[in-house]
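Protein chains in written order, with the working numbering: chain A, 355 to 757; chain B, 13 to 560.
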C-alpha cells in the first residue's frame, strides 16, 4: 500500500516523469490489477447510434483485454454529467461518485477544470500517450484555447465539413458570404441546429470567422467592452439569413443527427457535420444517398478534438484510466477512423506507430464522400470557450424566444 | 385507504415539493429573479396553459360527444374496441408516431407525393414543433381521449345510463339532448378527477412537448427539464423556481376549469328548463363523433404503423411512399441494447406493478372486511400523483435523493414508478372488487371459512380477470413513464421510453421506430396475457371465464 502511494506520488510529479519509465510501468500494472472487475460508467452523449455501437465495441474490448466492464450512460447533453458531478461536490460526496468518465470538451471542460471537478493530471500515466500527435495536432492538448494540462485525454479529431447532395446541387457555396447569397436565392433549403446545441454554436463561430473584422480576438476571452461591436456583423448576417432558412427560422433541428436527417429527407440541400467522415459513413449505412459529397469553406473550417476526463470523485478511477488508454490504442483509433464505423479522424501520429499499426490506417477506405486530408484545408482553432457561452446566450435572447 | 398506502403516495410528493420549493426560494430568490428575467417566460407560460386547456377541452368534448351519440348502440362497441388498445400506448410512442405521420417529410406527404401534391422535395411547412403548439395539442387529444372515454365507460353502469336514456327517448328527446340533460351531470361528477388529471398532464407533459411541442421557446415544463440538465448548477434554482411556477399554473388552470364547470352547469340548467328535444342535431353530432373517433384511431394506428415500418426500412427517400428495401439491419445492430433496455423496462414494470397490486388488494380487502366506505377525500389523495405536475416535484425529489445515494438505481426507479402505477391499478381494480357479490362471502362464512380463506380461495380466483387487467394497466403505465425514470434514474437507468425520447431529438427514424415498437409491444403483450391467462387457467371451468 505504502509503496503504491509512493509510486503514485512519484509518477504524478512532472519532474520525475522523464526518468521514471520503470516506475510508470509498475504504476500502470497496479492500475490494471485494480481496474480488473470494475464497472466504468462512461457518460457520453447518446444521440448517435453509430457512436453508441462503437462504445459498446470498446466495452467488449475492455472486458476481453482487461476485465473491465464498460457501461455507456447515454446523455442527451454532456452538461447532464457535469451537473451531476457538481451536485455531488456540493453534497460533499468526495468519492464513490456516479460518473467515472466523461466525453467532454470546450466549455464543459473549462467549467469542470476551473471548479476542481476533475482528477488529474493523468494523461502522462497512460502507456499510449506517447503515440498522440501533440506537435502536429495541437488541438489534442489545447481545448478551446485552454491548455488541457493533462486533465483530459483526446480520443478523436473533428473538423467542420459541409455536406450536399450532388443530385440537387452542383456548385455548393464555398464561403460564408456565398452561403448567404445562395440561401437567399434558394429559400428554405438550409438551416443549422438550434443553439446552444454544440454544432449550431459551431456554425455561429464559423460565421464569426467569416464576418469579423479581426477574427484573432476569438483566441482571447470575451472582452465585455468591445464585444457588442465585435459580434455586430454576426447578428447582421443572421438577420439577413434567417428569413431564408428552412421553416423561415421558426423552428430549428435540435442537433447534428436531426440536421443530417433533414438532408436525408431532402428537406434541405446543404447540411454540415463536425466529422469529415460522417457522410461516407451514412452512405455506407444506407441512410444517405450515394450522391452526397462534402466540401469545406475557403480559408478553412473549425476543428477540435474530443476528450475523455475523469471526475475528481470517480468511483472507478483505475478502470476509467484503462478505458482512456484503450481509446488511444492504434487498433481502436483505426476502427474509429473507418467510415463504416465512425469516420472520426485519429489523434495519433501515424509516424510514431509500428509498421503493423500504421498499416491498419493505410488499409482504410475513406469512402466516396470523404475529402482527403489535403483537401480538408486549414483547420481554424476553436475560439475561447467564453465566446461559445456568450453567443449561445445572446442567440437565445435574440432568436430563441422568437415571434 | 390504510395509512401505509396513503403515506407511500403522499410522502414522495410532499418531500419532492419541499425539495423543489427550497432551492426556488433559497439564496435570496436568485432562482426566481433569473426565471423572471428569462425572455421566453411569457410565451412558454402561455403555451403551457393554452395547450393544456385546449387539449383537455377538446378531448373531453369529443369523449362526451362520442358517448352521447353512440352509448348503447352497436357502433359503440366498435368504437370502444378501436380506442381501448390505444390507452396502453405510451405517450412518447404516440407522439413519435404522430410526428412521423404529419411532418412535411412524413408518411402522409410521402403517400400523396408527388402525384397529388407535385412535391419532389418535402414542402417547407412548419407543422411539427409549430409555435402555437398545435401538433402538441393534437397529440394530447389523441392520447387523452381514449383515457377519458374508458373512465366514462366505467362510470356509465353506476349511473343507470340505459334506463335514463330510454326514459328521455320516450319523452321525445334526441340522443344528444337526452345524454346532456339526464346523464351528463352525474357522469361528469365521476369524470371530474380524471379530467383534472388530464388537464394537469396536458399542461406539464415533458416527453410529448419535447417531441411535438415548439422550441422557440419550448413549453415551460420542457424548458425546466432543459434547465435541470444545464452545466452550471445555478440554473437549477431557475428550474426549481420554474417548477413552483408550473405548480401554481396548474392550480390556477384547475380553478379556472372549476369556474367554467359552474357556468356550464348554470347554462345547462337554464337550457333544461326550456326542454329542447334537439332531435335534429343527432345526425350531424353522430357524424362528427364518428369522424373524431376514426380520425384519432386512424392517426395513432397509422403513426404507429409508420414507426414499425421505419424500424425495418432501408433507404427511404422522399417522396417514395414505401422504403426501397425492407431490412432487419436496425434490429440486428441495435439488438443487444434493445434486449437489455427491454429487460430493464420489464423488471421495473413488473416490480412496480406487483407492489401496486399487493397494496391495492390489501386496501380493498381491508375496506371490505372493515366495512369502510371510500370517501371523497381518499379518492382525491389517490389522484394526487396524477394531479400534481411531475415536473413540480420530481426535480426536488432528485435533489433530495442525490446526497442520500438513493438515485440512479433500478430499485429507486421502481419505487417512484409505484407512486404513479398504484392509482391506475387501484382505479382499475376497485370497481370489479367492490362489485363482487358479497353473498358468496356470506355463504362461505356460514360454512365456516375464515376471512383469509374466503379471500384466497373465492374472491381472488373469481377476480382473476380484473386482477390481471389491473396488472396490465400497471405495466403499461410503468413502461410509459419518462420524467420519473429520467430524474430518479439519474440517466443511469435506461428504459425503452427514456431511450426513445433521447433518440427523438436525433432524428434517426429507424432506431426510434425500433424502440417505439417495443414500447408498444410490451404493454400489448401484458394486455394479451391478461386476456389469455384466465381462458387457460379456467379451461375446464367454463363459468369462471365469464367473470369480471
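Note that CB positions come from ideal geometry on N, CA and C, so glycine has one too. Note that the coordinates shown come from a computational prediction; the quantities given were computed from them, not determined experimentally.
- A check of alpha carbon separations from residue 452 of chain A across A/468, A/590, A/580 and A/671 identifies A/671 as the nearest.
- Counting only the Cα atoms, residue 703 of chain A lies some 51 Å from residue 125 of chain B.
- Residue environment: residue 491 of chain B is assigned as buried (16 or more neighbouring CB atoms within 10 Å of its CB, all protein chains considered).
- Sequence-distant partners of residue 601 of chain A (beyond 5 residues in either direction) whose C-beta falls short of 8 Å from its own C-beta, in its chain, are 542 and 545.
- Rounded to whole angstroms, the separation of the alpha carbons of residue 387 of chain A and residue 322 of chain B is 46 Å.
- C-alpha of residue 86 of chain B to C-alpha of residue 199 of chain B: approximately 21 Å in a straight line.
- For the region 45-67 of chain B, residues whose beta-carbon sits nearer than 7 Å to a beta-carbon of chain A comprise 51, 52 and 55.
- Residue 524 of chain A sits in coil when the DSSP states are folded into three classes, being neither helix nor strand.
- Here the alpha carbons of residue 347 of chain B and residue 390 of chain A stand approximately 27 Å from one another.
- Between residue 377 of chain B and residue 467 of chain B, the C-beta gap is smaller than 8 Å, which places the two residues in contact.
- Scanning chain B for C-beta atoms nearer than 9 Å to the C-beta of residue 600 of chain A yields 136, reported in chain order.
- Collapsing the DSSP output to three states places residue 428 of chain A in a strand.
- Going by beta carbons, residue 550 of chain B and residue 556 of chain B fall inside the 8 Å limit.
- Using beta-carbon distances, residue 129 of chain B does not count as an interface residue toward chain A, since no partner is under 8 Å.
- Proximity of residue 452 of chain A to chain B, defined by a Cβ-Cβ separation below 8 Å, is satisfied.
- The DSSP-derived three-state label of residue 129 of chain B is coil.
- With its beta carbon less than 8 Å from one in chain B, residue 548 of chain A belongs to the interface.
- Under the three-state reduction of DSSP output, residue 163 of chain B falls in the helix class.
- The beta-carbon of residue 628 of chain A is placed no less than 8 Å from the nearest beta-carbon of chain B.
- Residue-level contact check: residue 351 of chain B does not touch chain A, since none of the beta carbons of chain A fall below 8 Å from its beta carbon.
- Assignment of beta-bridge partners to residue 394 of chain A by DSSP yields A/424.
- Shown here, residue 184 of chain B sits in coil according to DSSP, grouped into three states, outside any helix or strand.
- Remark: three or more beta-carbon pairs, one from each stretch, lie closer than 8 Å, so the region 397-417 of chain B and the region 495-505 of chain B are flagged as touching.
- A distance below 7 Å between beta-carbons, with the five flanking residues on each side excluded, links residue 529 of chain B to the following residues of its chain, in chain order: 319, 320 and 323.
- With fewer than 16 neighbouring CB atoms inside 10 Å of its own CB, residue 383 of chain B falls in the exposed class.
- Closest in C-alpha terms to residue 696 of chain A, from the list A/383, A/441 and A/404, comes A/404.
- Assigned with DSSP and collapsed to three states, residue 598 of chain A falls in helix.
- No Cβ-Cβ contact shorter than 8 Å links residue 515 of chain A with residue 603 of chain A.
- Taking residue 447 of chain A as the centre and dropping the five residues before and after it, the same chain places the C-beta of 667 closer than 8 Å to its C-beta, in chain order.
- Short of 6 Å from the beta carbon of residue 527 of chain B, and not among the five residues preceding or following it, lie these beta carbons of its own chain, in chain order: 508, 511 and 512.
- Between the beta-carbon of residue 372 of chain B and that of residue 438 of chain B there is about 4 Å, and that keeps the pair under the 8 Å contact cut.
- Residues of chain A whose Cβ lies closer than 8 Å to the Cβ of residue 502 of chain B are, in chain order, 438 and 452.
- Residue 484 of chain B is not a Cβ neighbour of residue 445 of chain B, given a cutoff of 8 Å.
- At a cut-off of 8 Å, the C-beta of residue 133 of chain B has a neighbouring C-beta in chain A.
- Only residues of its own chain outside the window of five on either side were considered, and among them 439, 440, 443, 665 and 666 have a CB closer than 7 Å to the CB of residue 471 of chain A, listed in chain order.
- For a cut-off of 8 Å, the C-beta gap from residue 435 of chain A to residue 429 of chain A is around 6 Å, short enough to register as a contact.
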